[in-house]
Amino acid sequence: MKLRLKCLFAKRVAMAKKKSDPNYKVLAENRRARYNYEISKDIECGVVLAGSEVKSLRNNGGQIAESYASVDNGELWLTNAYIAPFAQAKTFGHEERRRRKLLVARKQLSELWNATQRKGMTLVPLLLYFNHRGQVKIKLGIAKGKKTVDKRETEARRDWSRQKQRLLKDNC
Numbered sequence: 002m003k004l005r006l007k008c009l010f011a012k013r014v015a016m017a018k019k020k021s022d023p024n025y026k027v028l029a030e031n032r033r034a035r036y037n038y039e040i041s042k043d044i045e046c047g048v049v050l051a052g053s054e055v056k057s058l059r060n061n062g063g064q065i066a067e068s069y070a071s072v073d074n075g076e077l078w079l080t081n082a083y084i085a086p087f088a089q090a091k092t093f094g095h096e097e098r099r100r101r102k103l104l105v106a107r108k109q110l111s112e113l114w115n116a117t118q119r120k121g122m123t124l125v126p127l128l129l130y131f132n133h134r135g136q137v138k139i140k141l142g143i144a145k146g147k148k149t150v151d152k153r154e155t156e157a158r159r160d161w162s163r164q165k166q167r168l169l170k171d172n173c
């Protein structure tokens, strides 16, 4: 009896945790980055945006697939990220592919600069989203480019896991 009550209580707690935050929303994801790069660490950064850019992101999102980040003159910049123009902001609009400043702590900035300069790594945007407080954040990955051999290996591993799941599903 006690065990059954514990199970019911655990299910209710799990269901309560499943309720998603209404402010959290993924705007853009760079899925190709995980295929092309080996990501060693990721860092969450704030993004300096104009009002029309935030409204545009709330409506239809943006793209970070072809963008990259770099450290220039002691500041972190996001380059070539696309945010669609906001139709209602006629006079105070924004450029779609302008450089946007990213906000990180000084310690993190020096860590990113060291990684890109000394170790030959690059900064790849992985995810653009609204956090639980409704602020636009971007997740950057410190990454190293994969060679074609490594890409084939990850494809083979992914295919094998799919086949394994199919076999297990057929046997049950």
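Sequential numbering from 2 applies to the sequence shown in the numbering used here. C-beta: ideal position from N, C-alpha, C; glycine also.
Self-check item: As assigned by DSSP and simplified to three states, the class of lysine 148
Solution: The residue labelled residue 148 in the question sits at position 147 within the sequence shown. Note: lysine 148 maps to coil in three-state DSSP.
Quiz item: Whose C-alpha, out of Phe131, Glu76, Gln136, is nearest the C-alpha of glutamine 109?
Solution: On the sequence shown, position 108 is the one that residue 109 refers to. The option with the nearest alpha carbon to glutamine 109 is Glu76.
Quiz item: glutamate 67: buried (16+ other C-beta within 10 angstroms of its C-beta) or exposed?
Solution: As a position in the sequence shown, residue 67 is number 66, starting the count at 1. Label assigned to glutamate 67: exposed.
Self-check item: leucine 6 in three-state terms, based on DSSP
Solution: Your numbering for residue 6 matches position 5 in the sequence shown. In this prediction, leucine 6 scores a pLDDT of 48, lower than 50, which makes its location untrustworthy; the coordinate-derived value is nonetheless stated afterwards. Leucine 6: helix per DSSP, three-state reduction.
Quiz item: Apart from the five residues just before and just after lysine 42, which ones in its own chain have a Cβ nearer than 6 Å to its Cβ?
Solution: The residue given as residue 42 occupies position 41 in the sequence shown. The residues are Ile143.
Quiz item: Alpha carbon to alpha carbon, what distance is there between alanine 70 and alanine 125?
Solution: Sequence index remark: in the sequence shown, residue 125 carries index 124 (1-based). Sequence index remark: in the sequence shown, residue 70 carries index 69 (1-based). A small fix is needed here, since residue 125 is valine in this sequence, not alanine. One C-alpha to the other measures close to 6 Å.
Quiz item: Is lysine 165 helix, strand or coil by DSSP?
Solution: The residue labelled residue 165 in the question sits at position 164 within the sequence shown. Helix, per DSSP.
Quiz item: Taking the alpha carbon of valine 48 as the point to measure from, which residue in Tyr25, Leu79, Thr123, Arg107 has its own alpha carbon closest?
Solution: Walking along the sequence shown from the start, residue 48 turns up at place 47. Looking from the CA of valine 48, the closest CA among Tyr25, Leu79, Thr123, Arg107 belongs to Leu79.
Quiz item: Does the Cβ-Cβ distance between lysine 140 and tyrosine 38 come in under 9 Å?
Solution: For the purposes of this step, residue 140 is taken as the residue at position 139 of the sequence shown. For the purposes of this step, residue 38 is taken as the residue at position 37 of the sequence shown. In this structure, tyrosine 38 does not lie closer than 9 Å to lysine 140 by Cβ.
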